[in-house]
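Asker: Would you mind keeping the following structure in view while I ask a few things?
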Amino acid sequence: MSIERLGYLGFAVKDVPAWDAFMTKKLGLMPAGKAGDGALYRMDQRAWRIAVHPGELDDLAYIGLEVDNAAALERMADKLREAGVPFTRGDEALLQQRKVMGMLCLQDPFELPIEIYYGPFEVYPDPFLASAPVSGFVTGDQGLGHFVRCVPDAAKALAFYMDVLGFQLSDVVDIQLGPQLSAEGHFLHCNGRHHTIAIGELPLPKRIHHFMLQVNTLDDVGHAYDRFDAEGLISMQFGRHINDHMISFYGRTPAAPIDVEFGYGARTVDASWTVTRHGHISMWGHKPLLLPEQG
Ligand SMILES: [Fe+2]
1 MSIERLGYLG FAVKDVPAWD AFMTKKLGLM PAGKAGDGAL YRMDQRAWRI AVHPGELDDL
61 AYIGLEVDNA AALERMADKL REAGVPFTRG DEALLQQRKV MGMLCLQDPF ELPIEIYYGP
121 FEVYPDPFLA SAPVSGFVTG DQGLGHFVRC VPDAAKALAF YMDVLGFQLS DVVDIQLGPQ
181 LSAEGHFLHC NGRHHTIAIG ELPLPKRIHH FMLQVNTLDD VGHAYDRFDA EGLISMQFGR
241 HINDHMISFY GRTPAAPIDV EFGYGARTVD ASWTVTRHGH ISMWGHKPLL LPEQG
């Protein structure tokens, strides 16, 4: 029994207008109205994928992890009970806001709120229309994308995400993010996407180092690079990652030093995958321009 995919991300941010421009003009997401105090943005046929709420946190506020149906949600509830992980049920108001049919609310070992849910709302009659030149995002069975979780104790985080939530190890990478910043990264999958969550003991002031959105074409990445570069917001230049083979760049979000990775061309994992170890994060490129320590 495992989580099937990353379904959604919610941010609580100080500068909501900057995030709205970032979501639409930089990333190309489609505005999709509001739910409660959150502005919703679409990437595909789902009613929403990213929510932006006003808040002093200026960080990732919650993540939505998807299972396929009500029975799977109950099996996950049993697993949480067995593991001694406390959880509550999402009430009707929260289910309406998140546009899902059932939910368990919990936290990871370092207080990141997690919503495990089933039954997301889809809106096929209203096709996805990108707000910037993006031909489309790779989601579907692979979910929204991935993020890198900064934790003080990787072993404790891995025990939770792997033993309780069912994520599996893809590989381990010695990450150098700057002259003063290196860590061992554990890259975890729950579907064909090479990693949905990566865990690193990165001493950064935010819950995540970056989140990643994957697009359909290399030109989508190139056009986005130009949009970020025009405002000096490239934090890592074009490069290709050594483990998932993603061709990507990193740009700074308005909640610095959180970055977004915008990528194309990743390989997927299957049942024959072999766990490996790497001494570098990239085959080529990904030269840092803005260091992660820089707010
Ligand atoms: Fe990434």
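If you read the sequence shown in UniProt numbering, its first letter stands for residue 1, the second for the next number, and so on.
Beta carbons: idealized from backbone N, C-alpha and C, even for Gly.
(1) Under a three-way DSSP split, which group does E115 fall into?
(2) Return the residue from the list I199, A157 and R193 that minimises the CA-CA distance to residue 301.
(3) Pick out whichever of L95, A157 and N243 has its Cα sitting closest to the Cα of D174.
(4) Using alpha carbons as the reference points, say which of A154, M246 and R193 lies closest to E201.
(5) Report the residue from P205, A70, V134 and K14 whose alpha carbon sits nearest the alpha carbon of D226.
(6) Using only the alpha-carbon positions, how far apart do E184 and P17 sit?
(7) Would you decide whether A61 is buried or exposed? Buried here means 16 or more other CB atoms lie within 10 Å of its CB.
(8) Is G263 a contact residue of ligand 1, with contact defined as CB to any heavy atom under 8 Å?
(9) Using a Cβ-Cβ cut-off of 6 Å (strictly less than) and excluding sequence neighbours within five positions of M246, which residues of its own chain qualify?
(10) Leaving out five residues on either side along the sequence, give the residues of the same chain with a beta carbon under 8 Å from the beta carbon of N191.
(11) Who are the Cβ neighbours of R49 in its own chain at under 7 Å, not counting the five residues just before and after it?
(12) Does DSSP put W273 in a helix, a strand or coil?
(13) Check whether the Cβ atoms of H209 and S170 sit closer than 9 Å, and answer yes or no.
(14) Are there 16 or more other CB atoms within 10 angstroms of the CB of R81, so buried, or fewer, so exposed?
(15) By alpha-carbon positions, which one of G55, L65, A77 and V221 ends up nearest to V260?
(16) Between the beta-carbon of R207 and the beta-carbon of F128, is there less than 9 Å?
(17) Please tell me whether, using a cut-off of 8 Å, the distance from the CB of A198 to the nearest non-hydrogen atom of ligand 1 is below it.
Answerer: So, to answer that:
(1) strand
(2) Because the chain in this structure spans residues 1 to 295, residue 301 falls outside the shown range and cannot be described.
(3) N243
(4) A154
(5) V134
(6) 36 Å
(7) buried
(8) yes
(9) G263 and A266
(10) E4, R5, D141, Q142 and G143
(11) Y8, Y41, R42, M43 and L144
(12) coil
(13) no
(14) exposed
(15) V221
(16) no
(17) yes
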